[in-house]
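Numbering-wise, our numbering puts 237 at position 237 of the sequence shown, and it's gapless, one number per residue.
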Amino acid sequence: MGQGHLFRRGLVVVGTVVASLAPIAAAQAGTTAPPVEASDLGAPAPAPMPVPGRLGKPTSIVAVGDSITQATGTGALSKETPQNSWATGAEVNSIANRLSIPANRRYNLSTNGDEMIDFAPQIRNGKSGGSGDVAAAPSDTGLVLVEFGGNDLCDSSISSMTTTANYRSRFKAGLAEVALRAPDALIQVMSVPDIYNLWYIRGAPQHATYHPEPESGQASGINGARFYWGFEQFPCQSLLDNADSYAQADRDRRNLVRTRTKEFNQILAEECSKVLRCRFDDNQLFNLTSNRVTAPDGPLLPYAQWAFTDMDISRNTSFGCPIPGLLGGGCGDHFHPSKQGQGKLADIATVSGYDWSDSTLPGAGAAVLASGRPDGTHRLNATVRFSGSDNVALRGQEVRVHRPDATVSQWTPHIGVAPDMTITDLGTTYVEVRSFDVNGNRGDSVVTAVEVLPAAVPTAPGAPTIMSTTGGMVASWSAPNDDGASPVMSYVVRTYVGTDTPVLTETIEVSASPSFVGASVGGKLATYTVAAKNAVGEGPQSAPSAVTLAPFTQVSAFVSRQHGDFAPFMPSQLDLASDVAAVASGELSPSALTERLRLTPWFDGAYGPSIRLYSAYFLRNPDPSGLEYWATRRRNGTTMAAISQNFANSSEFRNRYGSLTNAGFVDQLYRNVFDREPDPSGRAFYLKKLTDKTWNRGQVVLQFSESSEYKRQTDGIVTVVEYARAMLGKAPNAILTTDLLVAYEVGGAQRVVEAIMSSGAYRSRVLALS
């Protein structure tokens, strides 16, 4: 077949049964590989117990950051004063106080001068020196407060400030360290304050254009901010250099610091949003310290509406700062929040942080998606879909997997509902999911069993449909509705002959549907089955096709064709249906039907005598036109005696027998017809008839050709010629006659019928007529 042809021939002959052939049922039982089921994988491990949820306030707190979180500036000059810290301080209304955290469960790891690069080390190593040693963050930490950025902005110059790339990577490293050391801790990240406003509120001189508000009383003089900012204790030249200047370069430099502040806060927002247990203050600390009508770059609020004021910045109350400031809260450095300012930081952290009054646990769910397989099983993989809900808002979920080999994965966090998960481990896997809400509550975990089976053999394809073509019988079928999770590689097509006990006669393997099949079953009742094969093996056979009788796809078509070929008219519908039923049931074989129709006066009575006359007269088979001519004359009433006399009067007869005497004619006739010399009595009988002119030579030949002896002798040639005439439309040539006679010698009329029905000529004629 050329490339792209509609049909595909068998690729590999798997086998042909020639002895002890089995019925379809037995063949099917021997070709099906049993599927691997859950029971074959052993008993599953017991389901894990769900993890209870967590609700309510934390019982421990860790604070990391710089001098702001150490409350530097609320006590002795440049000294850490953690008791006044917005985060953990006992002498202010700190976050720890508001949560009633015991003193021994407060860990303030912040350190003067630290930058974002110190986030991870603070968590990992704890604090040493300064206000005192503090142990590293414990593994059961409930809440981590994060405040870094002032020292990343404050440096000797703009170019010395921490780059945004470094700030991001260092922040991520700190978040990762928290997850490693205290994996269940909640994290609250404060935005970087608007330190530009530190200069504007405390140190900027009044200016009609750039600072219309009154100058701070703490700005100038020996105790003033601009004097202090010149010392090494306040290394923030990037912002505070030339503090009293409104030159363009100085204004540009300060704006660059403010721009970097906003960039840092954008980084905090982005990276915190990726961490399940992290909550950013949404720039509320920055906005508080900005005093803007609209954040972040709107105009300043009127002076009287400032939320963060000069009193919120560390201040001095007397020359040389001999005693702690009263309202300001300490010996001021004009650089950090005052004690009052620390309280405002605690307020904004409370407002922007977790709502500990939320007393509803978030919900979680997991469902195994339908496999799409008819039996509902999951083979090679299964997909789990998650769901989650909360009365306020869902923050995200964590998922872990309990594998069939008893190993358990780490919890994997996801922002929002976890994405679909594909399970590929064979056996029973348990998928565990739990939800987190935006207020840090963790719901009860939910455990879902997922059973994954190995690949199996395909299910049975659809029963094949058979079509007759000039190339042969073609089977087509629908693919299996389940490939067993392994692609179908080929199909095995089996041919069964017979009805009561079908016998497997041919097995071929083909690549796809449709395909040529069953080239050797012409004239026999046959059915076909198909089985699909994949890498696992061969699946069950399909239901059998409808009964065929090649080259006919239906028994009724075969029966109708035989009546049309052998009879002068079609029988009644009742008689036709009776023949169809008899053949389909096996009660009447196809060859028996054709033999019955052949041996009728209309057919055999017309063709048989003529065939014998040709043999007796001329020692040859009839030519097609001659056979048709004499058969038609016979059907129209011409006697065989008259037909025989016409043979005797023919030129062929005269050329062969005309010079013979009557005695020589009788002797030759015996040799032609009976292949022997005449017996004396018979010779005398026929010679007398000719001599007395009682019979002419035509009548004598007819006596010979219609004798029982000659009928027996010519039964084979008459049979094959008549079958060829009826089924192929004309008398056969010499080659076909020889082939059909071989079939006749092997199996009589049945084999002749089967040989003709298996031929391409018959198939072409049938298809043309249909």
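All C-beta atoms, glycine included, are put in the ideal place defined by N, C-alpha and C.
No experiment lies behind these values; they were computed from the predicted model shown.
Candidates the options: which alpha carbon is nearest residue i's?
{"i": "SER545", "options": "ARG494, ALA295, PHE386, LYS688", "result": "ARG494"}
{"i": "LYS274", "options": "LEU300, LYS172, ALA463, VAL474", "result": "LYS172"}
{"i": "PRO458", "options": "ASN391, PRO374, ALA204, LEU345", "result": "PRO374"}
{"i": "ALA71", "options": "ALA225, ALA182, ILE313", "result": "ILE313"}
{"i": "LEU239", "options": "GLY230, CYS278, TRP199, ALA182", "result": "TRP199"}
{"i": "GLY353", "options": "HIS378, LEU380, ARG379, VAL438", "result": "VAL438"}
{"i": "LEU361", "options": "GLY142, ALA182, LEU702, SER435", "result": "SER435"}
{"i": "ASN104", "options": "GLY126, VAL134, ILE123, VAL92", "result": "VAL134"}
{"i": "ASP776", "options": "SER651, ASN649, SER705", "result": "One cannot answer for residue 776 here, as it falls past the ends of the chain, which runs 1 to 770."}
{"i": "PRO44", "options": "SER651, ALA535, GLY427", "result": "GLY427"}
{"i": "ASP184", "options": "VAL510, MET489, VAL144", "result": "VAL144"}
{"i": "ALA663", "options": "ALA631, VAL700, SER650", "result": "VAL700"}
{"i": "GLY217", "options": "ALA208, TYR210, PHE227", "result": "PHE227"}
{"i": "VAL673", "options": "TYR617, ALA684, ALA642, ILE717", "result": "TYR617"}
{"i": "GLY174", "options": "ARG124, GLY221, GLY472", "result": "ARG124"}
{"i": "TYR303", "options": "GLN206, GLY372, GLU270, ALA382", "result": "GLN206"}
{"i": "PHE119", "options": "SER157, ARG170, GLY132", "result": "ARG170"}
{"i": "LEU130", "options": "GLU147, THR424, ASN108", "result": "For the sequence presented, residue 130 should be read as Gly rather than Leu. The candidate whose alpha carbon is nearest that of GLY130 is ASN108."}
{"i": "ASN381", "options": "LEU574, GLU263, MET421", "result": "MET421"}
{"i": "GLY564", "options": "GLY221, LEU769, MET311", "result": "LEU769"}
{"i": "THR111", "options": "LEU736, GLY65, TRP86, GLY332", "result": "GLY65"}
{"i": "VAL721", "options": "ASP355, GLY537, GLY626", "result": "GLY626"}
{"i": "PRO58", "options": "PHE234, SER357, GLN83", "result": "SER357"}
Could you tell me how far apart the beta carbons of residue i and residue j are, in whole angstroms, since I believe they sit closer than 8 Å?
{"i": "VAL417", "j": "PHE386", "result": "5 Å"}
{"i": "VAL583", "j": "ALA550", "result": "Rounded, the Cβ-Cβ distance is 14 Å, inconsistent with contact."}
{"i": "TRP477", "j": "PRO464", "result": "4 Å"}
{"i": "PRO480", "j": "ALA557", "result": "The Cβ separation is near 30 Å, so there is no contact."}
{"i": "ASN621", "j": "ALA731", "result": "7 Å"}
{"i": "MET116", "j": "ASP152", "result": "6 Å"}
{"i": "PHE280", "j": "LEU268", "result": "6 Å"}
{"i": "LEU276", "j": "GLY396", "result": "4 Å"}
{"i": "ILE611", "j": "ILE717", "result": "7 Å"}
{"i": "GLU677", "j": "TYR670", "result": "6 Å"}
{"i": "ALA96", "j": "THR88", "result": "5 Å"}
{"i": "THR499", "j": "SER585", "result": "6 Å"}
{"i": "GLY523", "j": "SER759", "result": "With a Cβ gap of about 10 Å, GLY523 and SER759 do not count as contacting."}
{"i": "VAL517", "j": "MET473", "result": "6 Å"}
Within the continuous alpha helix (DSSP H) that includes residue i, where are the two ends?
{"i": "GLY716", "result": "715-728"}
{"i": "SER764", "result": "760-769"}
{"i": "PRO680", "result": "680-691"}
{"i": "SER651", "result": "651-657"}
{"i": "LYS533", "result": "Counting along the chain, LYS533 falls outside any alpha helix (DSSP H), though it belongs to the beta strand (DSSP E) covering 525-533."}
{"i": "ILE735", "result": "734-757"}
{"i": "ASN108", "result": "Premise fails: ASN108 lies in the beta strand (DSSP E), 106-108, not in any alpha helix (DSSP H)."}
{"i": "ALA631", "result": "624-635"}
{"i": "SER578", "result": "573-585"}
{"i": "ARG671", "result": "662-674"}
Is the beta carbon of residue i less than 8 Å from the beta carbon of residue j?
{"i": "VAL752", "j": "THR719", "result": "yes"}
{"i": "ARG400", "j": "GLU451", "result": "no"}
{"i": "ASN291", "j": "SER191", "result": "no"}
{"i": "GLN342", "j": "THR74", "result": "yes"}
{"i": "PHE286", "j": "ASP347", "result": "no"}
{"i": "HIS336", "j": "ALA225", "result": "no"}
{"i": "TRP229", "j": "ALA249", "result": "no"}
{"i": "ASN391", "j": "ASN316", "result": "no"}
{"i": "ALA460", "j": "GLN541", "result": "yes"}
{"i": "SER139", "j": "ALA182", "result": "yes"}
{"i": "LEU599", "j": "PHE647", "result": "no"}
{"i": "THR470", "j": "PRO502", "result": "no"}
{"i": "GLN552", "j": "ALA726", "result": "Note on residue identity: the sequence assigns Phe, not Gln, to residue 552. No. Outside cutoff."}
{"i": "GLY484", "j": "ARG379", "result": "yes"}
{"i": "THR141", "j": "SER60", "result": "yes"}
{"i": "VAL559", "j": "LEU593", "result": "yes"}
Along the beta strand (DSSP E) that carries residue i, what are the first and last residues, could you check?
{"i": "HIS402", "result": "394-402"}
{"i": "ILE466", "result": "465-469"}
{"i": "ILE643", "result": "Taken as a continuous stretch (DSSP letters only), ILE643 belongs to no beta strand (DSSP E), being part of the alpha helix (DSSP H) at 640-648."}
{"i": "THR495", "result": "490-497"}
{"i": "PHE516", "result": "515-517"}
What runs of the beta strand (DSSP E), each 3 residues or longer, lie entirely inside the segment 177-206?
Within the segment 177-206, the complete beta strand (DSSP E) segments of 3 residues or longer fall at 186-189, listed in chain order.
Length at least 3, wholly inside the segment 214-294: the beta strand (DSSP E) runs in chain order:
Runs of the beta strand (DSSP E) spanning 3 or more residues and lying entirely within the segment 214-294 occur at 278-280, in chain order.
Tell me the start and end of each unbroken beta strand (DSSP E) in the segment 405-482 that is at least 3 residues and wholly inside, in chain order.
Within the segment 405-482, the beta strand (DSSP E) runs of at least 3 residues that lie entirely inside it are, in chain order, 412-415, 421-423, 427-437, 446-452, 465-469, 472-476.
Taking only runs that begin and end inside the segment 75-150, name each unbroken alpha helix (DSSP H) of 4 or more residues, in chain order.
As summarised for the segment 75-150, the continuous alpha helix (DSSP H) elements at least 4 residues long and confined to that stretch are 95-98, 119-125, given in chain order.
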